[in-house]
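4 protein chains.
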Amino acid sequence: MRLKSATLLFIATSIICLSFMQGGKKKVIFFGDSITELGVKKGGYIDLLNNRINNNGQTNQFELLGAGIGGNKIYDLYLRLEKDVLNKAPNVVVIWVGVNDVWHKSMMGTGTDYDKFGLFYDAVVQKIQAKGAQVILVTPAVIGERYDQSNPQDGELNLYSNWIRKYAAEKNLALVDCRKLFLDYSAKNNPKQVDKGILTYDRVHLNDAGNQLVADAMWEAIK
Amino acid sequence: MRLKSATLLFIATSIICLSFMQGGKKKVIFFGDSITELGVKKGGYIDLLNNRINNNGQTNQFELLGAGIGGNKIYDLYLRLEKDVLNKAPNVVVIWVGVNDVWHKSMMGTGTDYDKFGLFYDAVVQKIQAKGAQVILVTPAVIGERYDQSNPQDGELNLYSNWIRKYAAEKNLALVDCRKLFLDYSAKNNPKQVDKGILTYDRVHLNDAGNQLVADAMWEAIK
Amino acid sequence: MRLKSATLLFIATSIICLSFMQGGKKKVIFFGDSITELGVKKGGYIDLLNNRINNNGQTNQFELLGAGIGGNKIYDLYLRLEKDVLNKAPNVVVIWVGVNDVWHKSMMGTGTDYDKFGLFYDAVVQKIQAKGAQVILVTPAVIGERYDQSNPQDGELNLYSNWIRKYAAEKNLALVDCRKLFLDYSAKNNPKQVDKGILTYDRVHLNDAGNQLVADAMWEAIK
Amino acid sequence: MRLKSATLLFIATSIICLSFMQGGKKKVIFFGDSITELGVKKGGYIDLLNNRINNNGQTNQFELLGAGIGGNKIYDLYLRLEKDVLNKAPNVVVIWVGVNDVWHKSMMGTGTDYDKFGLFYDAVVQKIQAKGAQVILVTPAVIGERYDQSNPQDGELNLYSNWIRKYAAEKNLALVDCRKLFLDYSAKNNPKQVDKGILTYDRVHLNDAGNQLVADAMWEAIK
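Chains as they are written, first to last, in this note's numbering: chain A, 3 to 225; chain B, 3 to 225; chain C, 3 to 225; chain D, 3 to 225.
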């Protein structure tokens with residue numbers, strides 16, 4: 003009897019210890035562009051997620067890291083994947099990219115070909131999965147907030163988002179469909195079809211409402 | 003008395019004759035880009051309109067002229083307006099432009115700024131109206147035939163088409179809304195969301211069904 | 003006799019007065035883009051020209067007006083020619099444009115086609131000449147200050163400048179060849195092939211040395 | 003004793019045979035874009051090299067493989083490096099790329115950022131070297147054959163070529179400077195400054211003279 007109790011105690015303690023050491027904190031890395039780079043600032047979506055985690059008393063369960071760099075496209079993420087993400091041994095990687103792949107076509111002539119977008123995206127996902135981390139995909143939200151499909155990059159944002167949605171479905175990956183969330187929100191809250199000031203302050207980067215919307219959606223995916 | 007009657011008769015006859023000779027034929031000039039350039043070829047939408055006029059026995063009522071040049075944008079139309087249109091004293095000018103204004107942005111870096119598109123468009127319309135001719139506006143149809151707004155230029159085609167619609171309404175001008183017609187047709191006839199082969203053979207230029215759809219719509223506007 | 007003398011005196015006086023009122027000041031309008039818009043600010047090239055005129059005691063001989071608007075291309079100049087230039091009855095118009103016609107190709111997809119550049123340029127010149135004013139042409143200087151032809155837009159700046167040079171020669175118009183001046187200056191003063199900081203502060207807009215170089219060259223053309 | 007001698011003879015013969023079969027031929031892979039894809043056709047530069055090798059009686063010393071695909075940019079080469087090059091165990095890899103990295107900026111908005119060009123280029127070179135193969139670099143030749151630096155992409159071709167030259171020097175890699183060869187040839191043989199027909203038939207792809215010039219230069223590098 004005593005032996006048995008001791009054994010059970012040992013096992014139980016071990017489990018607790020192990021869970022504390024390894025699984026106690028879920029390390030989530032947000033991997034993306036300027037939107038994510040700004041996300042770690044006060045009031046940014048990652049900051050809001052941290053506040054929520056604090057308020058929930060879950061600080062020992064989550065560690066959130068921002069890995070966003072302004073102007074990044076999918077192949078920038080590919081090129082810095084090891085250094086900025088894999089070397090940090092994340093449990094979850096949230097990939098939010100696509101705005102610059104589309105936008106840089108007209109802005110500087112160096113957007114990403116549609117087919118290359120998929121090839122590099124898939125390569126990034128496979129490398130993360132090879133390290134045993136979970137991947138969460140996010141569609142690019144908006145470049146301009148009119149919901150009537152008359153923002154100049156709407157066609158391409160829809161095209162690239164459709165690819166991400168299809169890829170997520172095929173690979174059975176979690177998806178935060180920010181593009182859909184933003185368009186639905188605009189349809190309800192943007193009666194004058196303005197192109198900024200609803201969820202962004204400049205057509206692309208999140209204002210307070212935008213950060214809150216994204217934080218809420220991300221929370222559902224990572225909690 | 004007799005002289006007076008004869009004079010009146012002569013005047014009346016002259017008026018009828020003159021109206022028959024000069025005003026009897028409505029001269030319609032289709033002013034546009036490669037889609038209109040191809041429109042005068044056998045099976046093209048202008049050719050189909052001529053067939054219809056022939057079949058209706060209305061050859062003495064209409065004269066249709068094509069004035070389309072491949073690659074033209076709104077300021078190309080502006081630059082050749084006198085030479086190719088006004089000098090021919092049309093009764094009606096159908097302006098169908100916009101595809102290249104949008105497409106050339108990504109294809110060669112020389113698309114038309116949104117605000118300049120409006121300025122030159124308005125200048126073209128005013129110059130035609132100053133000559134006493136009627137103006138019929140046409141929205142750019144498609145660059146890619148998917149109807150889910152995922153063709154790369156959909157956002158801009160919608161934006162520029164919205165401008166034309168609004169301008170037509172404000173100026174009380176006839177409008178053939180090809181963009182709407184094409185999207186509606188695709189929604190009914192393109193279940194697989196292919197991007198060509200429905201109303202175009204190459205995402206932009208009209209196939210037989212496209213020429214027929216356009217000819218029918220144009221007929222309603224010019225008849 | 004007396005009457006005749008009085009009449010002659012009156013005529014002579016009138017001519018002198020008129021010439022003083024009208025022709026006494028040479029009105030020079032600088033017509034261009036942001037470089038010219040900044041030219042009227044303190045230390046800008048037009049401001050430096052005014053200082054020179056003041057120091058020369060020639061304030062009753064020259065009136066300099068800036069008509070530069072940021073982002074302007076040749077067809078922007080065309081569109082606002084009457085309002086901003088011709089309505090002000092200039093004696094001389096200095097046309098300095100071309101940087102945005104080239105730059106906007108890669109920056110926003112709305113640069114100016116090479117052939118349209120020439121067509122609108124010629125139209126602007128002809129309209130100015132039709133009003134009896136003298137035209138002075140200026141080549142676009144630089145987008146990047148390396149002199150080894152490795153700035154991304156060098157090929158196009160050379161191409162468009164060649165057009166202006168050839169056109170000036172054919173039409174016998176005065177030319178201030180800023181592109182040549184800037185490249186020659188860089189060859190002498192830019193041993194490290196830096197791409198800004200020699201005559202510009204940002205690869206395009208003039209620093210103090212740039213404003214002085216331009217003011218000196220403009221002076222030779224307008225004095 | 004006899005047995006031993008026979009064995010030694012067998013081993014020696016085997017070694018000679020194997021070295022003849024495997025190592026006797028230097029396997030050279032030409033890795034690039036459409037210019038290289040066309041290079042294997044009759045009269046193409048790789049075909050001319052094979053003719054030369056045949057005429058020299060060196061067919062047992064060289065094996066030339068073309069691995070060019072139209073439209074390829076540096077990151078296309080990166081993406082298909084294993085499949086199309088490394089898996090074939092080359093002794094030498096000739097990398098000729100850059101035209102599309104520059105050209106696609108204005109042609110479809112998906113050129114390669116200057117800094118990414120270098121990052122992917124270096125990654126390709128390092129992967130090839132890691133397999134023990136020799137690397138030969140080639141600068142992009144021309145997009146337009148005027149030698150006065152007025153072809154639209156001259157600035158960028160010079161910029162990207164400068165990078166390749168500097169990289170080759172730093173890494174002590176063989177370089178075939180096609181850009182310099184083509185410009186020098188044009189300066190001597192293109193008195194009218196035409197933009198095609200000297201070494202290319204369409205401003206980019208090689209005509210007979212172009213293939214011969216390239217074949218001669220490549221031969222010096224691989225022989």
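For every residue, glycine included, the Cβ atom is placed at its ideal position computed from N, Cα and C. The structure presented is a predicted model; accordingly, all values stated were derived computationally and were not measured.
Nearest-angstrom Cα separation, counted from residue j out to residue i
| i | j | result |
| --- | --- | --- |
| A:Phe119 | C:Lys198 | 34 Å |
| B:Asp150 | A:Asp117 | 19 Å |
| C:Pro211 | D:Lys107 | Reading the sequence as shown, one finds Ala at residue 211 of chain C and not Pro. Taking the straight line from one Cα to the other gives about 33 Å. |
| C:Leu185 | A:Tyr162 | 43 Å |
| A:Gln24 | A:Lys85 | Because A:Gln24 carries a pLDDT of 49, less than 50, the predicted location of this residue cannot be relied on, and the following value inherits that uncertainty. So the alpha carbons of these two residues sit roughly 21 Å apart. |
| B:Asp124 | D:Tyr77 | 45 Å |
| B:Gly134 | B:Asn93 | 8 Å |
| D:Asn209 | D:Lys75 | 22 Å |
| D:Val144 | B:Gln195 | 39 Å |
| A:Asn62 | D:Gly70 | 54 Å |
| D:His207 | A:Tyr187 | 51 Å |
| C:Leu183 | C:Glu39 | 21 Å |
| A:Leu121 | D:Lys43 | 29 Å |
| A:Arg82 | A:Arg167 | 24 Å |
| C:Leu50 | B:Ala132 | 46 Å |
| A:Arg205 | A:Leu215 | 15 Å |
| D:Ile55 | D:Lys225 | 9 Å |
| B:Ile97 | B:Cys180 | 12 Å |
| C:Val95 | B:Thr202 | 49 Å |
| A:Asn52 | D:Gln128 | 41 Å |
| B:Asn57 | B:Trp105 | 37 Å |
Buried/exposed call for residue i, threshold 16 Cβ in 10 Å
| i | result |
| --- | --- |
| C:Asn192 | buried |
| B:Glu172 | exposed |
| A:Gly34 | buried |
| C:Gln155 | buried |
| D:Gly113 | buried |
| A:Ala217 | buried |
| A:Asp115 | buried |
| B:Asn160 | buried |
| B:Asp103 | buried |
Residue i vs residue j beta-carbon contact at 7 Å
| i | j | result |
| --- | --- | --- |
| D:Val140 | D:Ile130 | no |
| C:Val87 | C:Ile31 | yes |
| C:Ile200 | C:Glu147 | yes |
| C:Leu66 | C:Ile48 | yes |
| C:Tyr169 | C:Val126 | no |
| B:Gly73 | B:Gly41 | no |
| D:Val101 | D:Pro142 | yes |
| A:Ser152 | B:Asn153 | no |
| B:Ala176 | B:Ala223 | yes |
| A:Asn174 | A:Gly46 | no |
Nearest-angstrom beta carbon gap, residue j and residue i [assumed within contact, 8 Å]
| i | j | result |
| --- | --- | --- |
| C:Met110 | A:Met220 | Actually they are not in contact, since the Cβ atoms of C:Met110 and A:Met220 sit about 32 Å apart, beyond 8 Å. |
| A:Lys27 | A:Phe64 | 6 Å |
Residues that residue i contacts on chain D, provided the C-beta gap is smaller than 8 Å
| i | result |
| --- | --- |
| B:Met109 | Met109 and Met110 |
Beta-carbon neighbours of residue i, restricted to chain B and to distances below 7 Å
| i | result |
| --- | --- |
| A:Glu158 | Pro154 |
| C:Leu81 | Leu121 |
| A:Leu161 | Ser152 and Pro154 |
| C:Tyr77 | Tyr77 and Lys118 |
Neighbouring residues, chain C, relative to residue i (Cβ below 7 Å)
| i | result |
| --- | --- |
| D:Asn164 | Ser152 |
Neighbouring residues, chain D, relative to residue i (Cβ below 7 Å)
| i | result |
| --- | --- |
| A:Asp115 | Thr112 |
Residue i: CB within 6 Å of a non-hydrogen atom of the ligand NAP
| i | result |
| --- | --- |
| D:Asp179 | For the structure depicted, the ligand NAP is absent and the ligand set is empty, with no information on it obtainable. |
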